[in-house]
Amino acid sequence: MNWTYLINESLKQMLDFAAPILFAALGGVISENSGVVNIALEGIMRFAAFFGVWGAFNSGNPWVGLMWGVLIGALLGAFHAYITVKWAGDQIVSGVAINVIATAMITYFLEWIFKTTGYSPTVAYFGSSKYLVNINFIENIPVLGAFSHLHILIWISLILVFVLHFFLYHTVLGLRIRSVGEYPLAAETLGVDVLKIKWIAVILGSVIAALGGVSLSLGTMSSFTNSMPSGKGFIGLAAMIFGKWTPIGAMLASFLFASAQVLQFLLQAIAKGIAAKIPVGFYLALPYILTIGALVGVVGKAVAPAADGVPYKKEES
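Under my numbering, the residues of the sequence shown are numbered 9 to 325, in order.
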């Protein structure tokens, strides 16, 4: 057995599975550090996954699809901010509404535009050899070889972790986002425009989550399926909590959840005895089991930003 190949392929699949979850988690990190809960990540990913494919279908270019996904993410983020920031509406209700609307509208669009209830046509995607980022000289090195032929969205998700870490902890805007998520009244007193900062954070977080949807339909696959994103937005929320609302913590949690999916392939290749008899469905369910475990075991212990989920009304300050 070629262990180097097996390890590298397993890690490569883990990174591919992790990218959509990581984008969703990072979107949640930005939004919730400003004090706005965004459980609409699942719906935003679904919209972006569909319109990403629609854009690529009409143009023949996945980059155009990516831009459509980002645009849709920004619009949905603006809608969520309008309800929750402008009118101080219930953040959970707004998020649930977007998720429900996404389920219904995208099913309708799929039937209307592509005349199907299951799959869209195949389109040009980032997972094809033309769009891979090839680093051939590390191909046969254990572990590093996993990074030798990845599509661009996986690289963007990994780089974005450190960009957002620097942004949140070492820039003025990042510090303002965290301050309005912790103590908005104090931030307002110091001259920070709290509502403007929340608008920026919610829209930015939604755009990042939209990249997760696009990475599913134009990265992992080359089409949209009506089951997308299959709960990955909610797993991303769990990864955000598990990672204690930090970019690097969210990345590590996303890797943990994605590893559970890859485990099935590893065990199919090397498992013996009882492990080989465990149904594949059990391993497919592992990420969701881990998600429930994270929510049950960590939610009560992890400390969210102090004003997370609390509507802010300027006139009350």
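For every residue, glycine included, the Cβ atom is placed at its ideal position computed from N, Cα and C.
Predicted model, so just to flag it, every value in this text is computed and none were measured.
Residue i vs residue j beta-carbon contact at 8 angstroms
i: residue 104; j: residue 218; result: no
i: residue 12; j: residue 237; result: no
i: residue 102; j: residue 91; result: yes
i: residue 202; j: residue 192; result: yes
i: residue 207; j: residue 89; result: yes
i: residue 143; j: residue 155; result: yes
i: residue 161; j: residue 223; result: yes
With 16 other Cβ atoms within 10 Å as the buried cut-off, status of residue i
i: residue 325; result: With a pLDDT of only 46 at residue 325, under the threshold of 50, the placement of this residue in the model should not be trusted; the figure read from the coordinates follows. The residue is exposed, with fewer than 16 neighbouring Cβ atoms inside 10 Å.
i: residue 178; result: exposed
i: residue 50; result: buried
i: residue 62; result: buried
i: residue 320; result: buried
i: residue 133; result: buried
i: residue 300; result: exposed
i: residue 66; result: exposed
i: residue 315; result: buried
i: residue 189; result: buried
i: residue 46; result: buried
i: residue 258; result: buried
Beta-ladder partner(s) of residue i, from DSSP
i: residue 140; result: 159
i: residue 233; result: 127
Closest Cα partner of residue i within the set the options
i: residue 41; options: 186, 298, 243, 256; result: 186
i: residue 148; options: 316, 315, 10; result: 10
i: residue 48; options: 188, 98, 138, 123; result: 98
i: residue 231; options: 14, 15, 56; result: 56
i: residue 20; options: 311, 287, 266; result: 266
i: residue 138; options: 264, 158, 25; result: 158
i: residue 243; options: 286, 26, 317; result: 26
i: residue 298; options: 124, 52, 317, 249; result: 249
i: residue 52; options: 261, 106, 197, 95; result: 106
i: residue 16; options: 270, 287, 311; result: 270
Distance between beta carbons of residue j and residue i, contact taken as under 8 angstroms
i: residue 85; j: residue 211; result: 4 angstroms
i: residue 254; j: residue 135; result: At roughly 29 angstroms, the Cβ-Cβ gap does not stay under 8 angstroms, so residue 254 and residue 135 are not in contact.
i: residue 59; j: residue 71; result: About 14 angstroms separates the two Cβ atoms, so there is no contact after all.
i: residue 81; j: residue 245; result: 16 angstroms between Cβ atoms; not a contact.
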